[in-house]
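FYI, in our numbering the residues of the sequence shown are 42 to 362.
Quick reminder that beta carbons are idealized off the backbone N, C-alpha and C, glycines included.
Below you'll find the structure, written out as structure tokens, and then a few comments.
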Amino acid sequence: MQAWRDLGPEGVRIAGVCDLDEGRARTMAEEFGARAFTDPAAMLAALRPDFVDIATTPPSHRALVELCAPQVRLVICQKPIADTPNDARAMVDACDRAGAAFVIHENFRWQRPFVRMQELLLAGAIGMPRFLRLNFRHGWDVYAGQPYLATVPRLAIMDIGVHLFDLVRLFLGEARAITCETQKRNPRVEGEDAFTALTAHDGAVGVTDASFHSTLRPEPFPQTLAVLEGDRGTLELREGYRLVIHDETGRREEDVEPPVPAWGEKPWHVVQDSVLAFQRHVVAVLRGQATPQPSGADNLRTLALCLAAYRSAEIGARVSP
Ligand SMILES: NC(=O)c1ccc[n+]([C@@H]2O[C@H](COP(=O)([O-])OP(=O)(O)OC[C@H]3O[C@@H](n4cnc5c(N)ncnc54)[C@H](O)[C@@H]3O)[C@@H](O)[C@H]2O)c1
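The following block contains the structure:
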């Protein structure tokens, strides 16, 4: 919400806030000078918005997207797009039928370090990408802010794996196969809270691992660390937002730490700045100046990779997404 407010000078206005919880809707609407609703259909009818930003949990995503698509020019839906491929496909189809753009709020690819790594890769700084390692390991109490995470049967892959697999696909292209091991480390938590996945791509390999139950000092949350090796060089994203570029000429280091928004704070600034970047991108899509990154259709493949990871872990074998 703060990031949308920051985009006021670029033509964005928060017209309404809808939440089934009336108190939450009213508090948020008051803070952001908008009208409060508890019924999404009533909000659409009253405000006729250009776009909606759906930030509810996955079980409600399909119904909300199907409701909104015929009435707006663009729909944003939070990750994970849906729990099942059927629901996700129905959402993509609903937007296609209505002629509405469909963007998934997938903010990791909009994090400053990864935007910079993409720029360097596209500029040919390391040649063809051959290997990517992403890791997101921490011991931060994510359950304090999102208590439902402790009770969902599918946790780390659906919550963080979606972000990481989106990055894997962005850097290495589509995965032909995945092998995955999951772990339950925290006894207070229902779902898997750690996983390690190996993905096979044309000419490249990815290793992705995440844990919500690691002891590391200083606590690295919410940073993702990465190594991207190409034919001619390597990009190494280290803790503290240090990007080391290794190539034929030697080694140099860039500081890729994002700024802290006026309403933000460390250590969240990497996420806060990425949300602002993502939302600025949505404005460009609305103006016809960009195509969705990622679109709902693209995100079907990320969901397929997540579900293949679970299948691989269940059957103990390599799986095609
Ligand atoms: N991209 C990120 O970095 C990031 C970070 C946190 C959460 N998320 C995602 O955001 C989504 C929401 O997560 P959260 O932790 O804020 O959940 P939450 O449960 O705290 O908040 C969801 C809100 O949606 C409301 N709601 C549910 N169904 C509704 C409906 N049909 N109509 C109107 N309101 C409805 C609920 O009353 C609640 O207030 C999840 O998909 C989560 O994965 C993404």
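Contact holds between the region 78–85 and the region 53–60, because three or more Cβ pairs, one in each stretch, are under 8 Å apart. Taking a contact to require three or more Cβ pairs closer than 8 Å, the region 147–166 and the region 225–236 do not qualify as touching.
By the neighbour-count definition (other C-beta atoms within 10 Å, threshold 16), Tyr351 is a buried residue. As far as DSSP is concerned, Ala87 takes part in no beta bridge.
Relative to the non-hydrogen atoms of ligand 1, the Cβ of Tyr189 comes within a distance shorter than 7 Å of at least one. The beta-carbon distance between Asn340 and Ile122, rounded to whole angstroms, is 5 Å. This is short enough to meet the 8 Å contact definition. Restricted to the region 45–84, the beta strand (DSSP E) segments that are unbroken, complete and at least 3 residues in length are 57–59 and 76–78, listed in chain order. In this structure, Val285 is the residue among His254, Val285 and Gln320 with its C-alpha nearest to the C-alpha of Leu266. One alpha carbon belongs to Glu63, the other to Thr97, and they sit about 15 Å apart. Judged by DSSP in its simplified three-state form, Ile356 adopts helix. Of Gly244, Leu346 and Arg258, the smallest CA-CA separation from Gly202 is found for Leu346. Under the criterion of beta carbons closer than 8 Å, Val209 and Thr240 qualify as touching, at roughly 6 Å.
DSSP lists Asp250 and Leu266 as the bridge partner or partners of Asn176.
Taken atom to atom, the span from the alpha-carbon of Gln320 to that of Arg292 is near 34 Å.
Judged by beta-carbon spacing, Ala141 lies within the 8 Å limit of Ala110, meaning their Cβ atoms are closer than that value.
Its chain contains Val248 and Val268 as the residues whose beta carbon lies nearer than 6 Å to that of Arg174, once the 5 sequence neighbours on both sides are disregarded; these appear in chain order. Check the Cα spacing between Ser252 and each of Asn176, Leu205, Ala235 and Arg171: the tightest is with Ala235. A buried status is given to Ile145, since no fewer than 16 other beta-carbon atoms sit within 10 Å of its beta-carbon. Taking the CA atoms as reference points, Pro302 sits about 12 Å from Arg46. One Cα belongs to Leu317, the other to Ala44, and the distance between them is close to 5 Å. Distances from the CB of Arg150 to the heavy atoms of ligand 1 are all 7 Å or more.
Within the region 273–341, the runs of alpha helix (DSSP H) at least 4 residues long that lie entirely inside it are, in chain order, 310–327. At least one heavy atom of ligand 1 lies less than 7 Å from the C-beta of Asp200.
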